[in-house]
Amino acid sequence: LLDALRAALLRREGPLVTLNKPAGLPVSGKPGELTLQSVLPELSQSLGTGELHLVRAPGKEPSGLVLLSSCPQTASHLQKFFTHCRRAQRPTATYCAVTDGIPSHSEGKIRVALALAHTDGVSQGVPVKCPSRKDITEGVRRTLSLFRVMAAGSGCALVQLQPLTAFPDQLQVHMVLQLCPVLGDHTYAARVGTVLGQRFLLPAENAKPRRQVLGDALLRRLRLPPSQAAQLPLHLHLHRLLLPGTSPAGAPAELLAPLPPYFSRTLQCLGLPEP
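Quick note on numbering: the UniProt record's numbering labels position 172 of the sequence shown as 172, and the sequence is numbered without any gaps.
The following block contains the structure:
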């Protein structure tokens with residue numbers, strides 16, 4: 001893992017270190033588990049920096065930008081910047097996703113209250129209709145994401161997603177609510193059913209996580225047998241991150257992370273352009 005993270009190094013500037021996290025790597029976990037945070041001391045030593053602190057990272061299954069800092073004051077400053085932007089509803093993170101299905105609108109906002117439900121030892125985000133004040137105090141969160149369809153073809157879409165709130169698996173749940181699960185989403189895609197070619201949303205409690213089922217035509221386009229489709233990684237990538245500019249009135253700085261090879265291959269198979 002340490003070798004993989006060194007190879008994933010994108011940029012070093014002052015106390016900041018930027019990595020391109022592979023899909024499926026957990027950022028944090030229980031003591032003794034192999035995670036990004038568990039190897040930060042070794043990574044710091046390997047790169048010759050001070051002790052690295054995590055500033056920003058996608059969740060376990062998505063790939064993309066990880067921002068680290070060897071300066072606690074810089075890390076705190078950046079966290080305050082992200083919090084301020086979130087409160088002002090200014091997006092700082094831009095994800096790219098390939099969806100199984102094409103959203104009915106080319107762009108828009110997705111607003112929904114979400115809560116974490118624990119079933120069979122697995123935590124999942126579930127929608128909550130008309131949350132009460134008590135629900136909000138007990139862990140229900142109002143979530144908001146911006147989306148824009150960048151290209152579509154072969155029954156799939158390349159979608160730009162910008163979360164304006166922070167909730168586990170927020171973007172995956174939001175795309176399922178659009179009846180367009182992210183390709184490789186083996187947790188939430190089961191909530192989208194199909195009858196006579198029409199998609200509909202299944203209640204979260206009736207749709208346990210299972211391997212995503214893809215149509216035969218899509219499998220042929222992707223040149224994948226069903227056995228390999230079951231191992232398809234999540235096509236959700238933290239592509240761009242904005243940082244505060246060098247001066248209070250200056251334009252924000254921008255960090256970019258290239259798409260993983262499997263993501264680029266999928267776009268090529270579907271005839272979709274790279275962002």
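We treat Cβ as the ideally placed atom computed from N, Cα and C, and that holds for glycine.
Is the CB-CB distance between residue 191 and residue 207 below 8 Å?
-> The residue you call residue 191 lines up with position 191 of the sequence shown. The residue you call residue 207 lines up with position 207 of the sequence shown. Yes, these two residues count as a Cβ contact at 8 Å.
If you draw a straight line from the C-alpha of residue 52 to the C-alpha of residue 10, how long is it?
-> The residue you call residue 52 lines up with position 52 of the sequence shown. The residue you call residue 10 lines up with position 10 of the sequence shown. Between the alpha carbons of residue 52 and residue 10 lies a gap of roughly 15 Å.
Quick one, which of 259, 189, 267 has its alpha-carbon nearest residue 65's?
-> For the purposes of this step, residue 65 is taken as residue 65 along the sequence shown, with counting starting at 1. Comparing C-alpha distances from residue 65 to each of 259, 189, 267 shows the shortest one belongs to 259.
Just reading off the beta strand (DSSP E) that residue 127 is part of, what are its end residues?
-> Within the sequence shown, numbered from 1, the residue matching residue 127 stands at position 127. Taken as a continuous stretch (DSSP letters only), the beta strand (DSSP E) holding residue 127 covers 122-128.
With distances taken between CB atoms, is the gap from residue 157 to residue 91 smaller than 8 Å?
-> Here residue 157 refers to the residue found at position 157 when the sequence shown is read from its first residue. Here residue 91 refers to the residue found at position 91 when the sequence shown is read from its first residue. Not closer than 8 Å, so no.
Taking C-beta to C-beta, are residue 167 and residue 201 nearer than 8 Å?
-> On the sequence shown, residue 167 is found 167 positions in, with the first residue counted as 1. On the sequence shown, residue 201 is found 201 positions in, with the first residue counted as 1. Cβ atoms of residue 167 and residue 201: not closer than 8 Å.
Alpha carbon to alpha carbon, how far is residue 198 from residue 238? Give it in angstroms, no decimals.
-> In the sequence shown, residue 238 corresponds to position 238, counting from 1. In the sequence shown, residue 198 corresponds to position 198, counting from 1. Rounded to the nearest angstrom, the two C-alpha atoms are 31 Å apart.
From what residue to what residue does the alpha helix (DSSP H) around residue 210 run?
-> Numbered from 1 along the sequence shown, position 210 holds the residue referred to as residue 210. Residue 210: not part of any alpha helix (DSSP H); DSSP gives it neither H nor E.
Where in the segment 17-97 do unbroken runs of the alpha helix (DSSP H), each at least 4 residues long, occur, reported from the N-terminal end onward?
-> The alpha helix (DSSP H) runs lying completely inside the segment 17-97 and spanning 4 residues or more are 40-47, 72-87, given in chain order.
In whole angstroms, what separates the C-alpha of residue 4 from that of residue 257?
-> Start at 1 with the first residue of the sequence shown, and residue 4 comes out as number 4. Start at 1 with the first residue of the sequence shown, and residue 257 comes out as number 257. Straight-line spacing of the CA atoms in residue 4 and residue 257 works out to 15 Å.
Other residues of its chain near residue 274: CB distance less than 8 Å, five sequence neighbours each side excluded = Working through the sequence shown from its first residue, we reach residue 274 at position 274. Hits under 8 Å: 259, 264, 267.
Within the present structure, is the beta-carbon of residue 173 separated from the nearest heavy atom of the ligand FAD by less than 7 Å?
-> Here there are no bound small molecules, and the ligand FAD is not part of this structure.
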